[in-house]
Amino acid sequence: MNITLIILIGFTFIIFIHELGHFLAARRVGIKVEVFSIGIGPRLFTLFKDSQGTEYILSILPLGGYVKMHGQDDVPRAEAATEPDKTSFKSKTAPQRLFVVLAGVVMNLLSAYILIVIAYTLGVGFTTNKVGYVEPQAPISTSDLKTGDVITALNGRTVNSFEDILTITALTGAKKDILVTATASDGNKRTFTTRGFKTEAIPVAQLGVSPYGTATIRKLTTDSPFYKAGLRNGMIIEKVVLTLANETTADETTADKTTIIRKSAQGILSLMTNHPNKQLDVYIYDQTSNVAIISNVTIPQTNTVAPGFELAAAINVTPNYPAAQAGIENNDVITAIGDEPIRSFTALQKTMQELGAVTSIPITVERNGTSMDYDVAPIYDEGSERFILGVTPSLGESNSRRVSYVDPAMLDQIPGIRVDDALIDITKDSFAWNVEVLRNDTKIAFSYTDSSFPKSITGIPIPFTAGEKIIKYELPTAIYNSFGFFYRELEEVYLFLARLIGGVLPATTIGGPIAIFDTFQTLSAVKGFSYFLMLFAKISISLAIINLLPIPVLDGGHAVFISYEIIRRKPPPEQVVRTMNMIGFILLIALMVFVNYNDIMRIINR
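Position in the sequence shown counted from 1, then plus 50, gives you the numbering used here.
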């Protein structure tokens, strides 16, 4: 089934169930339901009308539905005057109205629990909580955690999947200790304390581990050289043999000229060699047929060696940040921090990271050929969790293309380049660098090789399937165990909102319909129907909790007004209700715009 259709059906079901709760509760207390719509927006046509006067209609947008009750007005009108009749929403007692308002949330929670039970009886595939790789820059890398270890608990909370690791770490944040319980491959259990960490690319706390993978090919694009050679999804790679040009075949045992690293635990196949020409023979086992040999797969090459010189740290300054406040200007070149020479923007970033917490640092800049000194007080950036100056690379400006440093070991290799040359263009052809610079208004073009430096070539990675664990129960066990998952999801939604308000999680972590669609699209190739049921259960629980927030227009806001009426024995002033509902409506529209902007930017910046 088309993934877009699945998402539309799922969303419609969740909102339909919510509105069905309001409908059944209204009927139960004697409120006339005028319209029950499948979909939202303008009416397409009426399906039928029942004996109690309810019209069942189909609306133009298949995104849920709505219920229109007699006498209900989310934004009361001052001119609404006459005494409501007995079938009106307003005619019912405050407890009856509260029952109707909260019924939608109750139905969402009930349907979520039922979806979880169904999923568990079918069997749900979760990404394994076995460790495949530990990031070397992560705090957890100082522990004794190894590939093959299984993380069983974080901060005392049971871990059943890699999804649990991601969620618990994100909700804990990068500033608090995380108590890790892990079981080694030999069965020994150990406990240690670490912390999560953030990066500029991922501003949410992460533990720094990847799930254990398999050698099963997951998803190849049709333009991949491996696909063109015959590799297909579901095949298992058993052996890699690298054939070098004019040389004998090298395999995993060869160490002098070729090193082959196979990191199936990371889900990445990486080839490293110092030979420019190569072909790949892949011996694979196809689960659906026979053993096969795929030959002559050409791996596109990427030379990862730096060109042997660096460009000046020309910068732009961000207004109202430390560098700008100290007097540093756009297109200045930072040449030193204290006694540490700065040769490039990368070196600037590294030096700032190493300095850590400082109250003030001396910075030397060059402006129009003049050296100038400034004292700058860095500020702590919560998002990246480091001290910053408020500067960015000055891309495209003449200073940003100026050569600031040439590696002494490379001078004999590149006689044509000098400090203060302006780089015009640089390309690479196999292992030769083709460079064009401007020196004294004269263009100079030349090529060089950097054979004195080791080289690393990586091929396009073959995407592997992450290790998976299937959790499946018989119906009685599923009914019992689903309570635990259900409660945990409730708790995680609450903690997410609390951490969001508390600043532990950035606002960019909020996702909307676009993010949900993108998630389903990504998972459609590797996850089954039961996993989608679990995702829809999570969405239903989230919808229920969000609807309970005391925001006017939402069910929680209506519940607050009715609760006020029960406590004070009189309804709140109509003008107050009207104003608060309008404010709530505007806030919801603003939130929708923000969330969709977040989703779009997340996809663009991926």
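Cβ coordinates follow ideal geometry from the N, Cα and C atoms, glycine included.
Anticipated Cβ contact below 8 Å, residue i with residue j, distance rounded
i    : j    : result
E13  : G258 : Lying outside 51 to 656, the shown extent of the chain, residue 13 is not represented and no answer is given.
V543 : S592 : 5 Å
K522 : Y170 : 7 Å
A232 : R240 : 6 Å
P428 : F437 : 4 Å
A565 : R652 : 7 Å
L108 : I88  : 5 Å
P261 : G517 : 6 Å
N205 : I218 : 7 Å
G284 : T266 : 7 Å
R628 : G223 : About 40 Å separates the two Cβ atoms, so there is no contact after all.
Bounding residues of the alpha helix (DSSP H) (the contiguous stretch that carries residue i)
i    : result
T96  : Per DSSP, T96 belongs to no alpha helix (DSSP H); it is in the beta strand (DSSP E), 83–99.
K588 : 579–597
F247 : Where F247 is concerned, there is no enclosing alpha helix (DSSP H), given that its DSSP letter is neither H nor E.
V543 : 525–552
L74  : 53–79
A373 : 372–376
Terminal residues of the beta strand (DSSP E) in which residue i lies
i    : result
T401 : T401 -> not in any beta strand (DSSP E); alpha helix (DSSP H) instead, spanning 395–405.
L361 : 359–361
S454 : 453–456
S260 : 259–261
P622 : Unbroken run through P622: none, as it is neither H nor E.
K519 : 518–521
V230 : 227–233
V469 : Here V469 belongs to no beta strand (DSSP E), and DSSP marks it neither H nor E.
R282 : Per DSSP, R282 belongs to no beta strand (DSSP E) and is neither H nor E.
P443 : 441–443
S421 : 420–426
E416 : 411–417
V383 : 383–387
V367 : 365–367
I438 : 436–438
Nonlocal neighbours in the same chain, by C-beta distance under 6 Å from residue i, ignoring five residues either side
i    : result
V79  : K142, Q146
R489 : D471
L604 : N597
F98  : Y106
N340 : Since pLDDT at N340 reaches only 43, below the 50 mark, its modelled position is unreliable, and no value is offered.
T368 : G440
T338 : Any reading at T338 must be qualified, since the residue scores a pLDDT of 47, below 50, and its modelled position is unreliable; the value itself is stated next. Counting only Cβ-Cβ distances below 6 Å, and skipping sequence neighbours, we find nothing.
Own chain, CB closer than 8 Å to residue i, minus 5 neighbours either side, in chain order
i    : result
S421 : T385, T414, V415
T409 : A427
V254 : A220, K248, L555, P556, T559
P600 : G606, G607, A609, V610
K493 : I474, E486, V487
is_contact[residue i, chain B] using C-beta, thresh 9 Å
i    : result
V209 : Among the chains of the structure shown, chain B does not appear; only one protein chain is present.
Residue j beta carbon less than 9 Å from that of residue i
i    : j    : result
V645 : I560 : yes
T137 : K82  : yes
G175 : F582 : no
L398 : L473 : no
A48  : N381 : For residue 48 there is no data in the structure shown, the boundaries of the chain being 51 and 656.
V181 : V200 : yes
I90  : L111 : yes
N179 : I215 : yes
P621 : F635 : no
F86  : G121 : no
S613 : I67  : no
F139 : M119 : yes
I595 : L641 : no
A234 : K196 : yes
A376 : D425 : yes
T401 : I378 : no
S193 : F242 : yes
V230 : A188 : no
V383 : R417 : yes
Other residues of its chain near residue i: CB distance less than 7 Å, five sequence neighbours each side excluded
i    : result
I467 : F359, V453, V456, V485, V487
I166 : S532, F535, F536, M584, A587
Y163 : S532, F536
I156 : A small correction: the amino acid at residue 156 is Val; Ile does not occupy that position in the sequence shown. Only G71 meet the Cβ criterion.
A305 : Unreliable placement is indicated for A305, whose pLDDT of 33 sits below 50; no coordinate value is reported for it.
Runs of 4 residues minimum, wholly inside the segment 192–223: which ones carry the alpha helix (DSSP H) assignment?
Annotation: the segment 192–223 contains the following complete segments of the alpha helix (DSSP H) (minimum length 4 residues), in chain order: 212–222.
As an exercise, report each continuous beta strand (DSSP E) stretch of at least 3 residues that is fully enclosed by the segment 127–183, in chain order.
Taking 3 residues as the shortest admissible run, the segment 127–183 contains the following complete beta strand (DSSP E) segments, listed from N- to C-terminal end: 174–177.
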